[in-house]
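Engineer:
Protein chains: 2
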Amino acid sequence: MQITRQTEYAIRTLLELSRVPFGKLLQTRVISERQGIPEVFLTKTVQVLALAGLVQTQRGTQGGVKLAVPGDQITLADIITAIEGTLAINICLAENYSCPNMATCKVHQVFRRAQEAMLSELNSVTLSDLVETEKMQVSLENE
Amino acid sequence: MQITRQTEYAIRTLLELSRVPFGKLLQTRVISERQGIPEVFLTKTVQVLALAGLVQTQRGTQGGVKLAVPGDQITLADIITAIEGTLAINICLAENYSCPNMATCKVHQVFRRAQEAMLSELNSVTLSDLVETEKMQVSLENE
DNA sequence: GATAAATAAGATATAATTAGTCCACTATCC
DNA sequence: GGATAGTGGACTAATTATATCTTATTTATC
Ligand code: SF4
Ligand code: SF4
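So the sequences go chain by chain: A and B. So for the first sequence, the working numbering puts the first residue at 919; every next one is plus one. So for the second sequence, the working numbering puts the first residue at 919; every next one is plus one.
1. Check this for me: beta carbons of Leu-935(A) and Gly-981(A), under 8 Å apart or not?
2. With distance defined between alpha-carbon atoms, name the residue in Tyr-927(A), Arg-977(A), Ala-968(A), Leu-1011(A) nearest to Ile-955(A).
3. Does the beta carbon of Ala-1035(A) come closer than 8 Å to any beta carbon on chain B?
4. Following a CB-centred definition, is Met-919(A) positioned closer than 7 Å to any heavy atom of ligand 1?
5. Less than 8 Å between the beta carbons of Ile-949(B) and Ile-998(B), yes or no?
6. Look at the alpha carbon of Gly-989(B) and the alpha carbon of Thr-979(B), and state the distance between them as a whole number of angstroms.
7. Using a threshold of 8 Å, state whether the C-beta atoms of Val-983(B) and Thr-993(B) are closer than that.
8. In the structure shown, what three-state DSSP assignment does Thr-999(B) receive?
9. Taking the C-alpha atoms as reference points, what is the distance between Gln-991(A) and Thr-946(A)?
10. For Met-919(A), go through chain B and note every residue whose CB falls closer than 9 Å to its CB, in chain order.
11. Quick check on Arg-977(A): buried or exposed, where buried means 16 or more other Cβ atoms within 10 Å of its Cβ?
12. Tell me the residue span of the alpha helix (DSSP H) that contains Val-1043(B).
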């Protein structure tokens, strides 16, 4: 009942990308150093994010990774889903699984409500929200 | 990001126990048959539930398993916690883990809110609620 | 007290998932 | 053409989940 390390890595990666001007490339090496993420593993994670359409990559000198869409269009739920697939807190909430009890099972319904409550929180915050707050804090500290 | 099979087994086991009069013993064998749970594995699960104080076991002839407290005092969250330990959707929400960013990390805070939203749903329903509904359905069908 | 019924405990086995590495390759910029 | 940076696939290691087996221990009942 926990997100995986890789998902954490993905979140922190996207946060790093959100901290630079939109469109600017960062190398996975830089991200891995700043965030303490195993470098080779991070490249794998970035590929998944790219496949999910959250980042774009560019090879070669001066290459790197950038956000595919502005940070205010990416929520925490998007990131989790990109790495782990559709979120389901119980097996019967995942696609193409059918428990015989599903039609009447009250537990199933409670799980669905619980999951929706969680998702609604995770969907309510975008990358921009997360880094905006940081910027405000910095500017307050400088006053 | 899913509860384990064992947790599902635990829920279904406690539901079975809630369906009989409070204090009545059921054998793990009976429960495993009714719910299609591997029998030997179920005994392990029952032991965990007993350790958590949700059920009481009795050995010997006419022995079995029963609820340790009435069904209206056991929520879904209790059961999940009993099997999986304190629920934490991210590593930094678990006890005795400290990420360097924890103090200021906005993501951490969002995760906490998301988790609380989920927990509040899972805590809002007791075993009694779940089987009461069943009984009402049965009586409606008999009308 | 013998016996059969029932769980307890612990070791062990198997499978699945997660985490991470290695290496040869391709694209890009200069 | 050389340096740089991501790609893709195979591979390994570690951890967790799932399950079984075996031997004890408890207890009602005859
Ligand atoms: S018993 Fe209910 S909660 Fe469990 S898997 Fe089936 S539908 Fe889902
Ligand atoms: S970076 Fe934030 S969300 Fe991630 S582990 Fe640390 S405190 Fe938690």
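Backbone N, C-alpha and C define an ideal beta-carbon position, used for all residues, glycine too.
Structural biologist: According to the structure data:
1. The residue labelled residue 935(A) in the question sits at position 17 within the first sequence. The residue labelled residue 981(A) in the question sits at position 63 within the first sequence. No, they are not a contact pair.
2. By one-based count along the first sequence, residue 955(A) stands at place 37. Selected option, being the one with the closest Cα: Tyr-927(A).
3. Taking the first residue of the first sequence as position 1, residue 1035(A) is located at position 117. Closer than 8 Å to some Cβ of chain B, the Cβ of Ala-1035(A) qualifies, so yes.
4. Residue mapping note: residue 919(A) aligns to position 1 of the first sequence, counting from 1. The answer is no for Met-919(A).
5. The sequence position of residue 949(B) within the second sequence is 31, counting from 1. The sequence position of residue 998(B) within the second sequence is 80, counting from 1. It is not a contact, given that the beta carbons lie outside the stated cut-off.
6. The sequence position of residue 989(B) within the second sequence is 71, counting from 1. The sequence position of residue 979(B) within the second sequence is 61, counting from 1. Roughly 25 Å between the two C-alpha positions.
7. Within the second sequence, numbered from 1, the residue matching residue 983(B) stands at position 65. Within the second sequence, numbered from 1, the residue matching residue 993(B) stands at position 75. The criterion of a C-beta distance shorter than 8 Å is not satisfied by Val-983(B) and Thr-993(B).
8. Taking the first residue of the second sequence as 1, we reach residue 999(B) at position 81. Taken through DSSP and simplified to helix, strand or coil, Thr-999(B) comes out as helix.
9. Numbered from 1 along the first sequence, position 73 holds the residue referred to as residue 991(A). Numbered from 1 along the first sequence, position 28 holds the residue referred to as residue 946(A). Rounded to the nearest angstrom, the two C-alpha atoms are 22 Å apart.
10. Translated into positions along the first sequence, residue 919(A) becomes position 1. Within chain B, the residues near Met-919(A) are Met-919, Gln-920, Ile-921, Thr-922, Thr-925, Ile-998, Glu-1002, Leu-1005, Ala-1006, Ile-1007.
11. Position 59 of the first sequence, counting from 1, holds the residue named residue 977(A). Exposed: under 16 other Cβ atoms inside 10 Å.
12. Locating residue 1043(B) in the second sequence gives position 125, counting from the first residue. Per DSSP, Val-1043(B) belongs to no alpha helix (DSSP H) and is neither H nor E.
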